[in-house]
Amino acid sequence: HAGGLCGIATPMDPVSTKADELSGQVMAREGELPPVWKDLDLELELLDNMVSGGENAPEKVRPLQPNEMLMVNSATATSVGTVSSIKGSKATLQLRLPICAKSGSRITLSRRVGSRWRLIGHGSITG
Numbered sequence: 001h002a003g004g005l006c007g008i009a010t011p012m013d014p015v016s017t018k019a020d021e022l023s024g025q026v027m028a029r030e031g032e033l034p035p036v037w038k039d040l041d042l043e044l045e046l047l048d049n050m051v052s053g054g055e056n057a058p059e060k061v062r063p064l065q066p067n068e069m070l071m072v073n074s075a076t077a078t079s080v081g082t083v084s085s086i087k088g089s090k091a092t093l094q095l096r097l098p099i100c101a102k103s104g105s106r107i108t109l110s111r112r113v114g115s116r117w118r119l120i121g122h123g124s125i126t127g
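Rendered as structure tokens:
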């Protein structure tokens with residue numbers, strides 16, 4: 001169920017798992033792991049208004065800009081990426097930390113506004 005914990009016995013050195021250092025990582029049998037992406041080609045759908053908390057009026061989502069930094073979430077993986085190209089609803093991001101995900105996986109995009117990340121859209125990995 002969502003939010004549950006899972007314990008797995010492995011021969012890993014406990015020092016590599018301290019302080020949730022493996023949080024967001026993917027584990028699979030050898031040869032069955034999805035691809036690891038350093039550059040993401042995405043099919044995107046931006047929201048009309050930015051998701052924000054509080055009493056502020058909803059803010060319109062601006063189109064993506066070249067070299068803009070965005071936060072990308074795919075399943076449990078989180079990374080920050082820089083927009084390297086945009087063409088219509090397609091974009092390419094260069095990720096600071098690679099993520100492991102299947103082609104076609106859903107992602108969410110957030111933009112930094114002040115000191116917070118605000119959800120601005122979603123999409124899927126195309127390559």
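Just so you know, the sequence shown maps onto residues 1 to 127 in UniProt numbering.
Cβ coordinates follow ideal geometry from the N, Cα and C atoms, glycine included.
According to the neighbour-count rule (16 or more other Cβ atoms, all chains shown, within 10 Å of its Cβ), is residue i buried or exposed?
i, result
"ILE99", "buried"
"ARG118", "buried"
Is DSSP giving residue i helix, strand or coil here?
i, result
"THR126", "coil"
"THR82", "strand"
"SER115", "coil"
"ALA77", "strand"
"GLU10", "According to the sequence shown, residue 10 is Thr rather than Glu. DSSP places THR10 in coil when its eight states are reduced to three."
"SER89", "coil"
"SER110", "strand"
For residue i, which residues of its own chain have a beta-carbon under 8 Å away from its beta-carbon, when the five flanking residues on both sides are left out?
i, result
"MET50", "PRO58, GLU59, LYS60, VAL61, ARG111, VAL113, ARG118, LEU119 and ILE120"
"VAL36", "PRO98, ILE99 and CYS100"
What are the residues that DSSP puts in a beta bridge with residue i?
i, result
"GLN94", "ASP39 and THR82"
"GLU45", "HIS122"
"CYS100", "VAL36"
Less than 7 Å between C-beta atoms, sequence neighbours within five positions excluded: which residues of the same chain meet that for residue i?
i, result
"ASN73", "ILE107 and THR108"
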